[in-house]
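Enquirer: So the number in my numbering is just where the residue sits in the first sequence, counting from 1, plus 149. Built from N, CA and C at the ideal position, the CB exists for glycine as well.
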Amino acid sequence: MSTDRYPFREIEAKWQRIWEERRQFHVSEDPSRPKFYCLEMFPYPSGRIHMGHVRVYAIGDLLARYKWMRGYNVLHPMGWDAFGLPAENAAIEHGVHPAIWTHENIDYMRSQLKKMGISYDWDRELATCDPSYYRWEQLVFIKMLERGLAYRRRSTVNWCPSCQTVLANEQVEAGRCWRCDSEVTPREIDGWFFKITAYAEELLEWCDRLPGWPERVLTMQRNWIGKSEGAEFDLPVDGAPEMKVRVFTTRPDTVFGMTYAVLAPEHPLVDRLVTDPAERQRVAAFRAEVARESEIERLAADRPKRGLRLSARVVNPFTGVAIPLFIADYVLMGYGTGAIMAVPGEDQRDWEFAKQYGLPIVETVQRPAGWTGEAFTGDGIKLNSGFLDGLTVAEAKRRAIDWLVERGLGEGKVNYRLRDWGISRQRYWGAPIPVLYCEACGMVPEREENLPVVLPRDAQIRGKGGSPLAEVAHFVHAGCPRCGGRARRDTDTMDTFVESSWYFLRYCSPHFEHGMFDPRAADYWMPVDQYIGGIEHAVLHLLYARFYTKVLRDLGLVKVDEPFMALLSQGMVIKDGAKMSKSKGNVVDPDELIRTLGADTARLFSLFAAPPEKDLDWNDRGVEGASRFLNRVWRFVLNHLEELSNAPSAGGPSGGISPPTSGAGRTFRRVIHETIARVTDDFEHEFHFNTAVSAIMELVNALYAVEAEPDAVPSGERPALLREAVETLTLLLGPFCPHIAEEVWSLLGHDGSVFRQPWPTADPAARAKEEVELVVQVDGRVRSRLVVAAGAPEGQVERLALDDDKVQPWLASRRVARVVVVPNRLVNIVTRA
RNA sequence: GCCGAAGUGGCGGAACUGGCAGACGCGCACGACUCAAAAUCGUGUACCCGCAAGGGUGUGUGGGUUCGACUCCCACCUUCGGCACCA
Numbered sequence: 150m151s152t153d154r155y156p157f158r159e160i161e162a163k164w165q166r167i168w169e170e171r172r173q174f175h176v177s178e179d180p181s182r183p184k185f186y187c188l189e190m191f192p193y194p195s196g197r198i199h200m201g202h203v204r205v206y207a208i209g210d211l212l213a214r215y216k217w218m219r220g221y222n223v224l225h226p227m228g229w230d231a232f233g234l235p236a237e238n239a240a241i242e243h244g245v246h247p248a249i250w251t252h253e254n255i256d257y258m259r260s261q262l263k264k265m266g267i268s269y270d271w272d273r274e275l276a277t278c279d280p281s282y283y284r285w286e287q288l289v290f291i292k293m294l295e296r297g298l299a300y301r302r303r304s305t306v307n308w309c310p311s312c313q314t315v316l317a318n319e320q321v322e323a324g325r326c327w328r329c330d331s332e333v334t335p336r337e338i339d340g341w342f343f344k345i346t347a348y349a350e351e352l353l354e355w356c357d358r359l360p361g362w363p364e365r366v367l368t369m370q371r372n373w374i375g376k377s378e379g380a381e382f383d384l385p386v387d388g389a390p391e392m393k394v395r396v397f398t399t400r401p402d403t404v405f406g407m408t409y410a411v412l413a414p415e416h417p418l419v420d421r422l423v424t425d426p427a428e429r430q431r432v433a434a435f436r437a438e439v440a441r442e443s444e445i446e447r448l449a450a451d452r453p454k455r456g457l458r459l460s461a462r463v464v465n466p467f468t469g470v471a472i473p474l475f476i477a478d479y480v481l482m483g484y485g486t487g488a489i490m491a492v493p494g495e496d497q498r499d500w501e502f503a504k505q506y507g508l509p510i511v512e513t514v515q516r517p518a519g520w521t522g523e524a525f526t527g528d529g530i531k532l533n534s535g536f537l538d539g540l541t542v543a544e545a546k547r548r549a550i551d552w553l554v555e556r557g558l559g560e561g562k563v564n565y566r567l568r569d570w571g572i573s574r575q576r577y578w579g580a581p582i583p584v585l586y587c588e589a590c591g592m593v594p595e596r597e598e599n600l601p602v603v604l605p606r607d608a609q610i611r612g613k614g615g616s617p618l619a620e621v622a623h624f625v626h627a628g629c630p631r632c633g634g635r636a637r638r639d640t641d642t643m644d645t646f647v648e649s650s651w652y653f654l655r656y657c658s659p660h661f662e663h664g665m666f667d668p669r670a671a672d673y674w675m676p677v678d679q680y681i682g683g684i685e686h687a688v689l690h691l692l693y694a695r696f697y698t699k700v701l702r703d704l705g706l707v708k709v710d711e712p713f714m715a716l717l718s719q720g721m722v723i724k725d726g727a728k729m730s731k732s733k734g735n736v737v738d739p740d741e742l743i744r745t746l747g748a749d750t751a752r753l754f755s756l757f758a759a760p761p762e763k764d765l766d767w768n769d770r771g772v773e774g775a776s777r778f779l780n781r782v783w784r785f786v787l788n789h790l791e792e793l794s795n796a797p798s799a800g801g802p803s804g805g806i807s808p809p810t811s812g813a814g815r816t817f818r819r820v821i822h823e824t825i826a827r828v829t830d831d832f833e834h835e836f837h838f839n840t841a842v843s844a845i846m847e848l849v850n851a852l853y854a855v856e857a858e859p860d861a862v863p864s865g866e867r868p869a870l871l872r873e874a875v876e877t878l879t880l881l882l883g884p885f886c887p888h889i890a891e892e893v894w895s896l897l898g899h900d901g902s903v904f905r906q907p908w909p910t911a912d913p914a915a916r917a918k919e920e921v922e923l924v925v926q927v928d929g930r931v932r933s934r935l936v937v938a939a940g941a942p943e944g945q946v947e948r949l950a951l952d953d954d955k956v957q958p959w960l961a962s963r964r965v966a967r968v969v970v971v972p973n974r975l976v977n978i979v980t981r982a
């Protein structure tokens, strides 16, 4: 008996070499076969892969290889999200050029992925820092500019003082930079924006049409888009009706409860309303006080609201009554109109402010009995509301809007929280923005035939003092594309999220030279059928890519409305209760793991330890368990190789061999086909690969049980059964642990790759049970078990249960009230005293 | 506050459509092999009572529906994630 540990190093290197020599995962468009586009979020080439990468690429490879075996033409590409700040930081720290640093990292990480044995079509590899890549997004930028989907404006933006660049709203988390966690400060700056708000409604609507996406991601996107419906209307200034304060409200039904109004401190109308020098001074002081607060302080929940009452008043158009006007820090310039009508009776913020400043509170909705709260925001019957009295909130909203429209005072209005995507970055290592500023013509886009605008190699990267490109004279100074006169190039680069917004399209035809992608290839492969990646991109990359795809669609470049049909958001890899990090010292190095236990073991454990969407708790002992399991498989095959080799190959559901006639043989064959059904079901429905692994482990346990009892299965049936079991095992295990599967497949005497084999099919005849064990309950408690023929009639089962020796004592001195029979499952005898 | 996800052994986690709770693995205990250890293999392992047979309790809490509830309904608690003076 062999007890050798399986030689994973040789096996893994051997099959990786063979796959590469055969170009086994190279694909091209083939209209005769169904396609499957399997994509994992591409990595930033930071230096080395980490366990999070191992997990996501193991999941992706599992699905890709499974789909291969199901007969799909599988596109499974890999590339590099190669622009970004870490490369520049490395340049500053170590004096190495970002391009060199990036390409060295790519080379190393590529070799790591190859050691994992992932089934990528490496012919399609791309790096976004390559001019042949980013030239196409420069072209799209120009087209977006023509359509008003890209525009430049001065605005207050999020500035990260550490990264020395602007951040988009999506890249600020609780007032801090998403990458470096520094506190973000507001800054007034010129920059480019993509008009994602033009797609707010469509992005929101499609959230309901992406059933393959996890609910939590859709929820985050819906929250982020933040649609609210209401009304917008004017409040004329008392005594100066030519000046109007425009307000937005989601509660137009509450207009009769409006007892004051509020402007954001920086609202432009304030300067026109306030003319008295003393009051101007008070306003200036108040504004300064508000501006001093940092973003973090403003986010603190329980801070009191601060306001300043202005001498001007506004008129409530519904009542004709003049009411006080404030500026206050709880009204934001960036949302709605920057001004509100305040209804303290039905809005908690207004209620708090009214209490603080002694303002009247009017209730316009009937409170429920026993209401003891402050502002009431629920539904009810309107009161104190003139012509709205007696209506419900919903009815009153409609009537109030009608009233405004009839008089030309306002209208129904939808607002979104989503802001346009600021894409200018004051950094070097990114795609140049293809725009020039001519002394005569003003802003002019670069001519298409001059693209790409190549990022110059020779910039001084210091990490401060503005965009490094501004100092590269031969880059900055250029002829105007329109008049040929003197012009300066834009010296910002694009947000790297622009590159990741379309890489999945480039993969369809990565070497295409006449456009972003070959439309025929994109039509064949798109959309991505299964996308896999981390939850951290729920409102970053995943929102941007959806938007960009819709823009490309409207530019006539793609036909799809959405880029990703199904999304799997895998959880983090944690260890000892925390995310792996160098500072916590809980990092497991994939290189080390692959060297000591092998890629198949690393992959198996990361698929087995948790369902993919949950966090994975890394456990070194558990990894050893995965390794032990593969050794168990290996040992069984080697120890039975002769017997297996002499048996006929099953070669199909039940082909090749005649079904066993012995009871033990049939039972064992049922285990084989149950395993096929269970594993297949996990792939087709739940994606809970941990239970698929469990099923495969149980099959191996069953193999060892047969080995332990040599006489149980008749020797005439045994070799064929064992062979069917081992072949099935190999096919099922393939997507999880491809190297050992290939090796076992070849040991069994097969020539070709296991991944060119069809996925096994469960044979219903083999799964059918002749006998079933029924649980017999008395009053819901298990008291006995019966073995009966499958499908035995209820009456017969009921009689057997009532007569059962173990049941009888529980029926003594009680009366049987009812007997519930669930066919092939259980009998419950219900009794009464 | 609003939205979402989730609470099951010592741990990671199973349980179809309401039908034997705890599959599979880790850990632990005992045993085999060994001079010994590691590795490997075998047996056991929710908790309580019992030598055992067996009995009782148990899926965050409290109710409810049902012959029967981890699963359905109502109320609540806790954890995690997102959004947040968004009018």
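Comparing alpha-carbon positions, which option in Thr824, Asp912, Ala589, Ala413 lies nearest threonine 879?
Expert: Minimum Cα distance to threonine 879 is reached at Thr824.
Enquirer: Which residues does DSSP list as the beta-bridge partners of serine 377?
Expert: Serine 377 pairs with Asn564.
Enquirer: How long is the line joining the alpha carbons of arginine 547 and glycine 519, rounded to whole angstroms?
Expert: Rounded to whole angstroms, arginine 547 to glycine 519 spans 29 angstroms at the Cα level.
Enquirer: By DSSP's criteria, tyrosine 506 is part of a beta bridge. Which residues make up the other side?
Expert: Partner(s): none; tyrosine 506 has no beta bridge.
Enquirer: So, helix, strand or coil for arginine 574, using DSSP?
Expert: Three-state DSSP puts arginine 574 in a strand.
Enquirer: Candidates Phe475, Arg455, Pro601, Val289: which alpha carbon is nearest alanine 461's?
Expert: Of the listed residues, the one whose Cα sits closest to alanine 461 is Phe475.
Enquirer: Given a threshold of 16 other Cβ atoms within 10 Å of its Cβ, counted over all protein chains shown, does glycine 233 qualify as buried or as exposed?
Expert: Buried is the call here.
Enquirer: By the DSSP assignment, the alpha helix (DSSP H) with histidine 822 in it spans what residues?
Expert: Unbroken alpha helix (DSSP H) run through histidine 822: 812 to 830.
Enquirer: Cysteine 329: buried (16+ other C-beta within 10 angstroms of its C-beta) or exposed?
Expert: It counts as exposed.
Enquirer: To the nearest angstrom, how far is the alpha carbon of valine 396 from that of proline 390?
Expert: Cα to Cα, valine 396 sits roughly 15 angstroms from proline 390.
Enquirer: Check each candidate in Val203, Pro180, Ile160, Arg303 and name the one with the smallest Cα separation from tryptophan 674.
Expert: Taking only the C-alpha atoms, the option nearest tryptophan 674 is Pro180.
Enquirer: Would you mind reading off the limits of the alpha helix (DSSP H) that contains glycine 944?
Expert: Start and end: 943 to 952.
Enquirer: Grab the span of the alpha helix (DSSP H) containing glutamine 261 for me, first residue to last.
Expert: Here the alpha helix (DSSP H) through glutamine 261 covers 247 to 265.
Enquirer: Hey, how far is the Cα of threonine 305 from the Cα of valine 480?
Expert: If you take the alpha carbons of threonine 305 and valine 480, they lie about 17 angstroms apart.
Enquirer: Can you give me the Cβ contacts of arginine 421 inside the same chain, cut-off strictly under 8 angstroms, excluding the 5 residues immediately before and after it?
Expert: The answer, listed in chain order, is Met392.
Enquirer: Rounded to a whole number of angstroms, what is the C-alpha to C-alpha distance between aspartate 928 and alanine 939?
Expert: Near 24 angstroms, if we compare the C-alpha coordinates of alanine 939 and aspartate 928.
Enquirer: Any contact between the segment 549 to 563 and the segment 610 to 628? By contact I mean 3 or more CB pairs, one from each, below 8 angstroms.
Expert: Result no; under three Cβ-Cβ pairs closer than 8 angstroms.
Enquirer: Determine the burial state of asparagine 977: buried for a count of at least 16 other Cβ atoms within 10 Å of its Cβ, exposed for fewer.
Expert: Buried: at least 16 other Cβ atoms inside 10 Å.
Enquirer: Counting Cβ pairs, one atom from each stretch, are 3 or more of them under 8 angstroms apart for the segment 251 to 264 and the segment 301 to 316?
Expert: Judged by Cβ distances under 8 angstroms, the segment 251 to 264 makes no contact with the segment 301 to 316, as fewer than three pairs qualify.
Enquirer: What beta strand (DSSP E) runs, 3 residues minimum, are completely inside the segment 627 to 680?
Expert: Those beta strand (DSSP E) runs which fall completely within the segment 627 to 680 and span 3+ residues are 635 to 638.
Enquirer: Using the Cα positions of glutamate 381 and arginine 400, report the straight-line distance between them to the nearest angstrom.
Expert: Using only the alpha carbons, I get a separation of about 10 angstroms.
Enquirer: Do valine 700 and methionine 293 have their C-beta atoms closer together than 8 angstroms?
Expert: Yes, Cβ-Cβ distance for valine 700 and methionine 293 is below 8 angstroms.
Enquirer: Which one of Gln497, Ala869, Phe713, Gly456 has the shortest CA to CA distance from proline 414?
Expert: Per the Cα distances, Gly456.
Enquirer: Which residue's Cα is closest to the Cα of glycine 487: Glu544, Arg566, Val511, Thr403?
Expert: Closest option to glycine 487, Cα to Cα, is Arg566.
Enquirer: Output the residue ranges of the beta strand (DSSP E) runs that lie fully inside the segment 686 to 719 and measure 3 residues or longer, sorted by chain position.
Expert: Listed in chain order, they are 716 to 719.
Enquirer: With 16 as the cutoff for other CB atoms within 10 Å, does alanine 450 come out buried or exposed?
Expert: Reliability of the predicted coordinates at alanine 450 is poor, the pLDDT of 48 falling under 50, and the value obtained from them is presented with this limitation in mind. The residue is exposed, with fewer than 16 neighbouring Cβ atoms inside 10 Å.
Enquirer: First and last residue of the alpha helix (DSSP H) that includes aspartate 420?
Expert: Unbroken alpha helix (DSSP H) run through aspartate 420: 418 to 422.
Enquirer: Let me check understanding here. Comparing Cα to Cα, which of Gly535, Phe536, Thr541 lies closest to threonine 526?
Expert: The shortest Cα separation from threonine 526 among Gly535, Phe536, Thr541 belongs to Thr541.
Enquirer: Taking isoleucine 476 as part of the beta strand (DSSP E), name the residues at either end of that continuous run.
Expert: 470 to 477 is the span of the beta strand (DSSP E), which, as asked, contains isoleucine 476.
Enquirer: Output yes or no for whether 8 angstroms exceeds the beta carbon distance between valine 828 and leucine 881.
Expert: Against a cut-off of 8 angstroms, the Cβ pair of leucine 881 and valine 828 comes out as a contact.
Enquirer: Measuring alpha carbon to alpha carbon, tell me which residue in Arg365, Glu595, Leu211 is nearest arginine 637.
Expert: It is Glu595.
Enquirer: Considering only heavy atoms of the ligand PLP, does any lie closer than 7 angstroms to the CB of leucine 474?
Expert: Absent from the structure shown: the ligand PLP. Ligands present: none.
Enquirer: Per the DSSP calculation, threonine 403 is bridged to which residue(s)?
Expert: Threonine 403 pairs with nothing; no bridge assigned.
Enquirer: Return the Cβ separation of phenylalanine 646 and leucine 704 in integer angstroms, given the expectation that the two are a contact with Cβ distance under 8 angstroms.
Expert: Not a contact, Cβ separation roughly 19 angstroms.
Enquirer: What first and last residue would you give for the alpha helix (DSSP H) that runs through arginine 284?
Expert: Taken as a continuous stretch (DSSP letters only), the alpha helix (DSSP H) holding arginine 284 covers 280 to 295.
Enquirer: Going by the DSSP bridge assignment, what does methionine 490 pair with across the sheet?
Expert: Looking at the DSSP assignment, methionine 490 forms a beta bridge with Ala410.
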